[in-house]
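When we follow UniProt numbering, the leftmost residue of the sequence shown carries the number 528, and every step to the right adds one. Cβ coordinates follow ideal geometry from the N, Cα and C atoms, glycine included.
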Amino acid sequence: ADELVGAVHRLMTVADDRRRMGVRANADMPEDAARARSMGAAGIGLCRTEHMFLGDRRRYVERLILAEGEREREEALEALLPLQRDDFVQILAAMDGLPVTVRLLDPPLHEFLPDLTELSVRVALARERGKEDSGDLRLLQAVRRLHEQNPMLGLRGVRLALVVPGLATMQVRAIAEAAAIRADAGGDPRVEVMIPLVGAVQELELSREDAERTIAEVRQRTGFSAPIPIGTMVELPRAALTAGDIAQVAEFFSFGTNDLTQTTWGFSRDDVEGSFFSAYLEKGVFGASPFESIDVDGVGRLVRIASEEGRASRRDLKLGVCGEHGGDPESVHFFHDVGLDYVSCSAFRVPVARLEAGRAAVLAERTAPTGPMDSDAANASR
Ligand code: PEP
Ligand code: MG
């Protein structure tokens with residue numbers, strides 16, 4: 528067994544020496560971050576903040592979304608701020624010295640609201656018994672108002688940041704304050720703010736302005752001065768097709784290939800597995816699920832377009848991927864070819880991603896020079 532462990536270790540060392548792409552992990556909680564680090568992740572590429580509000584904490588977000596009037600909203604935000612800040616302090620401590628990309632809240636709204644049918648039944652039964660509850664009634668009206676037929680295409684991501692006053696500000700403040708706390712404690716926090724589901728540069732401009740103002744305010748109050756890059760996810764075809772404009776206001780792009788696959792194909796990522804997918808696989812419409820292995824001709828082409836146009840617009844634009852594909856061997860090779868700086872995947876897939884990123888680099892060296900990029904490099908070295 529020792530021999531095997533030694534061989535694997537040597538293999539990983541060779542792969543790590545050869546690979547060009549970084550490998551980060553997707554992690555939402557401090558214990559996930561620690562595991563990611565132990566798997567060799569060079570940072571967190573995606574911290575999904577909505578996952579910090581599942582379970583007991585769901586009611587905090589519910590309270591914010593349903594708040595009526597400024598005062599209720601302020602109170603809900605004040606309750607949320609210390610929870611978020613503590614989470615970030617712990618994650619930054621676990622990943623000290625490594626980049627941590629924190630994504631602003633991106634839940635489909637229904638995940639944070641009571642179920643409409645259940646609530647309707649409860650209200651109707653109470654009414655029958657003559658025991659109407661005014662709180663429940665108010666809740667029902669609010670949930671009806673916010674109900675969406677397609678929540679995955681609804682009030683999510685940057686849309687929430689622009690529509691729910693104070694939400695993004697609270698999150699960015701928690702991020703910047705956590706970084707300041709870690710720096711004060713002698714740490715080396717390297718946090719990045721990521722804005723999800725952007726389809727138009729204007730959305731990013733507006734949310735970025737707000738984030739910058741908040742960060743500046745925290746800097747002034749705390750003296751924290753390390754950079755906090757602000758970037759966006761590219762997970763809608765429109766974002767990929769307007770990447771040149773978006774790159775003007777983003778320091779990095781992270782491809783959200785889960786949503787990009789959903790919106791490019793028009794497949795509902797939540798429903799497709801149990802629906803017609805097996806028939807599609809059987810009939811050979813595709814060889815593997817495009818949610819698992821990147822669809823090079825469609826989704827992959829959008830990734831390529833966005834990478835090229837993004838970099839043409841901003842030379843030092845950082846490019847990564849944080850969808851499930853970031854840990855899929857074949858997709859890792861594709862991302863290497865496109866020229867991404869890093870892939871990010873769940874912690875347990877990090878070793879495979881490191882290995883495949885190394886193999887991709889070796890294979891590319893063997894077949895070079897071929898493309899226009901390679902011949903440029905060859906010319907430059909002459
Ligand atoms: C994605 O869409 O690929 C992504 C990483 O974000 P999420 O899965 O949280 O929507
Ligand atoms: Mg997404």
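Roughly how many angstroms separate the alpha carbons of P723 and G657, rounded to a whole number?
45 Å
Looking only at its chain, what residues have a beta carbon closer than 6 Å to the beta carbon of I832, apart from the 5 residues adjacent to it on each side?
A767
Backbone secondary structure at F779 - three-state DSSP:
strand
Where E762 falls, given that 16 or more other Cβ within 10 Å makes a residue buried:
buried
With hydrogens ignored, establish whether the beta-carbon of N553 is closer than 8 Å to any heavy atom of the ligand PEP.
yes
Taking the C-alpha atoms as reference points, what is the distance between D855 and R765?
25 Å
Pull up the DSSP beta-bridge partners for G713, would you.
G713 pairs with nothing; no bridge assigned.
I'd like the list of long-range same chain contacts for R547, defined as Cβ closer than 6 Å, with 5 residues on each side in sequence excluded.
A888
Which term fits S781, buried or exposed, when burial requires 16 or more other beta carbons within 10 angstroms of its beta carbon?
buried
Beta-carbon spacing of G870, R551 below 9 Å:
Note that residue 870 is Val in the sequence shown here, rather than Gly. In contact: V870 and R551 (Cβ atoms closer than 9 Å).
Output the distance between the C-alpha atoms of D797 and R748, rounded to the nearest integer angstrom.
43 Å
Supposed close pair V718, V627 - CB separation, criterion 8 Å:
5 Å
Closest to N670 by CA distance: which of G684, R649 and H637 is it?
The question names Asn, but residue 670 is Val in the sequence shown. Looking at the Cα atoms, H637 is the closest of the given residues.
Helix, strand or coil for M622, going by three-state DSSP, please let me know.
coil
Using DSSP with H/G/I as helix, E/B as strand and the rest coil, what is I722?
strand
Runs of beta strand (DSSP E) lying entirely within the stretch 570-627, each at least 3 residues, in chain order
571-575
Option nearest G783 by Cα separation, candidates A712, D864 and C872:
C872
Specify the secondary structure class of L844 as computed by DSSP and reduced to three states.
coil
Run the Cβ filter for me: residues under 5 Å from any heavy atom of the ligand MG, listed in the order they occur in the chain.
E762, G783 and D786
Sort E800, W792, R686 and K810 by Cα distance to G827 and report the nearest one.
W792
Would you mind reading off the limits of the beta strand (DSSP E) that contains S734?
Counting along the chain, S734 falls outside any beta strand (DSSP E), though it belongs to the alpha helix (DSSP H) covering V728 to T749.
Shortest alpha-carbon distance to E739 belongs to which of M721, A727, V725 and G726?
M721
Count the other CB atoms within 10 Å of the CB of R672; is the residue buried (16 or more) or exposed (fewer)?
exposed
In chain order, what residues of the same chain have a beta carbon less than 7 Å from the beta carbon of R562, not counting five sequence neighbours either side?
A874
Does the contact criterion of 3 or more C-beta pairs under 8 Å hold for the stretch 565-574 versus the stretch 649-666?
no
Here's the rule I'm using: 16 or more other beta-carbon atoms within 10 Å means buried, otherwise exposed. How should N906 be labelled?
A caution first: N906 carries a pLDDT of 44, below 50, which makes its placement in the model unreliable, though a value can still be read off. By the neighbour-count rule (16 or more Cβ atoms within 10 Å), N906 is not buried but exposed.
Select from E892, A594 and L531 the residue whose C-alpha is nearest the C-alpha of P692.
A594
Could you give the distance in angstroms between the alpha-carbon of I618 and the alpha-carbon of G624?
11 Å
Terminal residues of the alpha helix (DSSP H) in which S873 lies:
Taken as a continuous stretch (DSSP letters only), S873 belongs to no alpha helix (DSSP H), being part of the beta strand (DSSP E) at Y869 to S873.
Between A743 and G837, is the Cβ-Cβ spacing less than 9 Å?
no
Using only the heavy atoms of the ligand PEP, determine whether one of them is closer than 8 Å to the beta carbon of L573.
yes
Expressed to the nearest angstrom, what Euclidean distance is found between the alpha-carbon atoms of G853 and D822?
13 Å
Measure the CB-CB distance between A568 and V877 and report whether it falls below 9 Å.
yes
Is any non-hydrogen atom of the ligand COA found closer than 8 Å to the C-beta of E851, if you look at the structure I gave you?
Only the ligand PEP and the ligand MG can be found as ligands here, which leaves the ligand COA out of the picture.
Do V690 and T741 count as a contact pair if the criterion is CB distance below 9 Å?
no
What is the DSSP secondary structure of A705, counted as helix, strand or coil?
helix
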